[in-house]
Structure formats: C-alpha cells, structure tokens
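In the numbering used here, the protein residues as written are 1147 to 1347. Cβ atoms here follow ideal geometry from the backbone N, Cα and C, with glycine treated the same way. Comments concern the structure below.
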C-alpha cells in the first residue's frame, strides 16, 4: 500500500509500505478514506518531536481518521465489511490497574495512533485497529465529518467537565481546531458569550 510518511525533518514522501494484516481476533482492517491533520502532526513534521516523543524516520503520522471496514477478526461483532467508521486513536491494554479501574485513558501502556514509537498513523491506504476503536457512523454523515469526531470530542468532553453552560461566559485561550471544538458545544449548551484569544490573529 501507499502511505504518506515523514522521511526527515520537514520532509514527507508517498512511499510503498507493507499492507497491515489482521493478527488478533478483535482486529479490524480498514480502508482509510478521510484524515485530519492535527497540530501534533505539524509539530512532528516541523520539529521531529513533541517532548519525549521523537520521530524515527520513516514514520506515518495521522490520528484523526475515518474509513471503511475491509475485513474483521474472528471475534469482531460490532462492525462488518462495508461499514463506515470513525477511528478512536488510543489503544489500551485492559489489564493494568488503571484499565481495570475503568480509566483506560490513563492505561499504563497506552498506545496512540500516529505517535512515534507507538502505532503507525492513518495517512496510509490501509490500517488495522482494535474493534473497540472503530465506531460505525450513520449513513447521512460524510467520512470527512467522521474524521473530525476525535478532535471535536475533546471539546465536548471539556465542556461537559466545566460549569453548566447555560448563560455562562466562556474564555478560550487558543482558537485552533481544539479551541473551536470547545466553542461549538459551549454555544450549543447555551453559553451567553465566548471570549477567545489567539496569538495568531
């Protein structure tokens, strides 16, 4: 298959890479149809790192994705070939103390799609993810919209964890995609005013 890979600092190329294959009973093989470019992808491209996560070239970035199910492992029941799905990028172990306590997002061995040293990203033609990371989307939703579910969910969660929005005045520092993903649900929940700032006007 072809994948858009980081090949060196500030360099990308379309390269032939091995097709991913189903290895576990809960694996789902996806044909990637839409991918968002996150700020973290831009950082990996421009600087080759984010904190302790350093790109080892070549590497495929991308974690905001959607696609069509091509094949499924023997234990998969929630999706089938032909289904269109949004992709949830974190993969937890389900065996550590955090996972067993219902905090899979703080899994001791959490792997993240499109993060160096973890899972090759979705800027390729095919991708294998666990069933639990594949969410069917309704027929009326486009795959491009489905790829935005991951960043939008961050804003929705932030609003849910905040004060009640009805009549609230909300401050947002930074109006990139995540800032907008906070603004939209805040307004939908009845925020009276949004005060936003960004260093790039």
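Contact test: residue i Cβ vs the ligand ADP heavy atom, cutoff 7 Å
i, result
"residue 1303", "You won't find the ligand ADP in this model; it holds no ligand whatsoever."
Unbroken beta strand (DSSP E) run spanning residue i, endpoints
i, result
"residue 1153", "1148 to 1154"
"residue 1217", "1210 to 1218"
"residue 1341", "1339 to 1343"
"residue 1159", "1157 to 1162"
"residue 1275", "1272 to 1276"
"residue 1281", "1280 to 1282"
"residue 1176", "1173 to 1182"
Contact belief for residue i with residue j at Cβ below 8 Å, rounded distance in angstroms
i, j, result
"residue 1297", "residue 1323", "5 Å"
"residue 1194", "residue 1200", "6 Å"
"residue 1215", "residue 1229", "5 Å"
"residue 1255", "residue 1239", "5 Å"
"residue 1163", "residue 1149", "5 Å"
"residue 1318", "residue 1328", "5 Å"
"residue 1172", "residue 1219", "6 Å"
"residue 1167", "residue 1274", "7 Å"
"residue 1337", "residue 1321", "Contact flag wrong, Cβ pair sits at about 15 Å."
Start-to-end residues for the alpha helix (DSSP H) that takes in residue i
i, result
"residue 1193", "1185 to 1193"
"residue 1292", "1289 to 1293"
"residue 1238", "Taken as a continuous stretch (DSSP letters only), residue 1238 belongs to no alpha helix (DSSP H), as it is neither H nor E."
"residue 1309", "From DSSP, residue 1309 is part of no alpha helix (DSSP H); its letter is neither H nor E."
"residue 1243", "1243 to 1246"
"residue 1324", "1323 to 1334"
8 Å Cβ cutoff, residue i in contact with chain C
i, result
"residue 1227", "Among the chains in the structure shown there is no chain C, since it carries only a single protein chain."
Simplified DSSP assignment, three categories, for residue i
i, result
"residue 1199", "strand"
"residue 1297", "helix"
"residue 1265", "strand"
"residue 1317", "strand"
"residue 1256", "coil"
"residue 1168", "coil"
"residue 1221", "coil"
"residue 1251", "helix"
Strand pairing of residue i, partner residues [DSSP]
i, result
"residue 1232", "1212, 1281"
"residue 1205", "1152"
**Study point:** Contact the region 1289 to 1296 vs the region 1242 to 1252: 3+ CB pairs below 8 Å
**Key:** Not touching, per the Cβ criterion.
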